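Below is one structure, written out as structure tokens, with a few remarks after it.
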Amino acid sequence: NMKLLSFEDSLRFLPEAHQDLKRDELVLDWDGNATGLETLFVVCIGFDVQITGEHDNFTRARLYHAIPRAQLQALVVDRLVHDGWLQYLTTLKLRETTFRLDGA
Numbered sequence: 007n008m009k010l011l012s013f014e015d016s017l018r019f020l021p022e023a024h025q026d027l028k029r030d031e032l033v034l035d036w037d038g039n040a041t042g043l044e045t046l047f048v049v050c051i052g053f054d055v056q057i058t059g060e061h062d063n064f065t066r067a068r069l070y071h072a073i074p075r076a077q078l079q080a081l082v083v084d085r086l087v088h089d090g091w092l093q094y095l096t097t098l099k100l101r102e103t104t105f106r107l108d109g110a
């Protein structure tokens, strides 16, 4: 018995005040409606596009906007987009270095 809610609807009442309601709720909304709001988990769906230069900044901005909304974990779920941002990000490797003040 799960109910889908928008961010706005999810903030209308506190769960403690409605303990008689025994249902699970899932917030499903556009990332633009989450400005300034945080939640435990965020799942970003359908954010990827092919890197062409036309929509690159918009796509990256949406990811950078959505991921920090998560307090515990953010997941990015998408279809495979050839030459897309998510495909590119899978090629990046962490380079572990020691911070040196004289090199900053």
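Counted the way this note's numbering counts, the sequence shown spans residues 7 to 110.
Quick reminder that beta carbons are idealized off the backbone N, C-alpha and C, glycines included.
Nothing here was measured: the structure is a model prediction, and the numbers come from that model.
Give the C-beta separation of residue i and residue j to the nearest angstrom, bearing in mind that I take them to be a contact with Cβ-Cβ under 8 Å.
i: R75; j: W91; result: 18 Å between Cβ atoms; not a contact.
i: L43; j: F13; result: 6 Å
With a threshold of 16 other CB atoms inside 10 Å of the CB of residue i, please say whether the residue is buried or exposed.
i: D54; result: buried
i: V49; result: exposed
i: L68; result: According to the sequence displayed, residue 68 carries Arg and not Leu. R68 comes out buried.
Per DSSP, residue i is paired with what?
i: K9; result: E31
i: I51; result: V83
i: Q56; result: G90
i: T45; result: A76
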